[in-house]
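Contents: one structure, followed by commentary.
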Amino acid sequence: VLPNWRSWSLARHATIALGYGISVTTLQLADAYAAFANGGYHMRPELVMGQAPVATRIMPAWVARKLRVWLQSVAEPGGTGVLAAIDGYHVAGKTGTANMANGHGGFYGHNTNATFVGFAPGNHPQLVMAVSLRGSHFKWNFGGIEAAPVFRVTMRHALQELDVAPACQHGPIMRITIKPGENLAEIARQYHSSVAHLMNINQLRNPEDIDSGTLLKVPTPKGEKHICRFAAPLVSRAQAEIWSEGGGGT
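If you're matching positions, the sequence shown starts at 2 in the working numbering and goes up one per residue.
In structure tokens:
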């Protein structure tokens with residue numbers, strides 16, 4: 002729902018960029034980001050695969066390219082969506098955190114809608130995804146904390162199922178069966194893999210199965226002090242110890 006722009010007040014001009022005065026569905030969010038991914042062309046979403054929809058240009062190609070660059074920076078170190086990053090792939094997207102209206106002219110104090118919408122690979126888009134978690138009650142109820150990790154896990158599996166090659170990989174994908182207890186990094190070295198050093202938790206189909214000796218790197222958002230909240234579940238499954246390094250809340 003978007004009021005006619007001719008009736009916008011000065012206050013609306015100032016606040017609409019923050020998301021006030023506009024209502025959209027999750028599908029509409031994904032639809033808009035698909036236009037960014039398609040180079041400025043909009044195609045009506047289809048629930049059943051059939052004839053390709055008609056593409057309509059809604060923005061210049063250079064605008065879409067610039068938006069894609071900006072959106073990729075969101076999932077890079079220092080961005081609010083760093084927890085949406087997928088090793089080996091460029092991710093483009095945006096976090097969103099909205100206060101929930103209480104129905105009495107105000108907002109709930111701690112209830113929010115946490116959102117992350119984006120596409121991957123960011124430099125050659127194949128999939129668009131929008132994640133919206135309604136009514137979060139957690140202390141860190143931000144889109145970059147709650148919705149971004151859901152995007153990362155779901156998008157990673159989708160890219161793998163569609164055999165979308167990582168940006169750092171050239172040539173055909175080699176599939177190797179890993180037996181329980183085998184060290185992933187060592188096997189990668191045996192096959193002279195150039196991505197052996199990238200082997201970590203984000204590239205496992207079943208992150209719960211962690212081999213002995215595998216180093217786990219768990220990124221945390223800028224300013225987050227409670228690193229154990231993110232790492233503890235992984236450490237518990239691996240029956241390992243945890244330590245942190247760095248400063249300044251990183």
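We put the beta carbon where it would ideally sit given N, CA and C, even for glycine.
In the pairwise beta carbon analysis, the stretch 61-78 is classified as touching the stretch 30-43: at least three pairs are separated by under 8 Å. Taking 9 Å as the cut-off, the Cβ atoms of V75 and A65 do not count as close.
The C-alpha of V92 is placed about 16 Å away from the C-alpha of L163. For A148, the closest C-alpha among the options T96, A102, A166, A168 is that of T96. Comparing alpha-carbon positions, the option among N5, W9, A168, M50 lying closest to P126 turns out to be A168. The beta-carbon separation of F152 and G94, rounded to 7 Å, stays under the 8 Å limit for a contact.
Under the 10 Å beta carbon count, P122 is surrounded by 16 or more other beta carbons and is classified as buried. Note that the C-beta distance between V25 and Y90 is not below 9 Å. The beta carbon of Y42 sits closer than 6 Å to those of A56, R58, all from its chain and outside the five residues before and after it, given in chain order.
Assignment of H158 by DSSP, reduced to helix, strand and coil, places it in the helix class. Exposure of V2 is indicated by the presence of fewer than 16 other C-beta atoms within 10 angstroms of its C-beta.
Annotation: the continuous beta strand (DSSP E) that includes R58 extends over 56-58. Beyond the five residues adjoining it in sequence on each side, F117 comes within less than 8 Å, by CB distance, of G82, A85, G94, K95, T96, G97, A131, V132, G144, G145, A148, A149, V151, F152 in the same chain, given in chain order.
Residue burial annotation: L160 is buried, with at least 16 other C-beta atoms found within 10 angstroms of its C-beta. In this structure, DSSP gives F117 an extended state, which the three-state scheme calls strand. With fewer than 16 other beta carbons inside 10 angstroms of its own, A15 counts as exposed.
Counting every other CB atom within 10 Å of its CB across the protein chains shown gives T155 a total below 16, marking it as exposed.
If the five residues before and after N124 are omitted, its C-beta is found closer than 6 Å to the C-beta atoms of H91, all from its own chain and listed in chain order. The C-beta of F120 has 16 or more other C-beta atoms within 10 Å across all chains shown, which makes the residue buried. For the pair G22 and P4, the CB atoms are nearer than the 9 Å cut-off.
In this structure, DSSP gives T81 a state outside helix and strand, which the three-state scheme calls coil.
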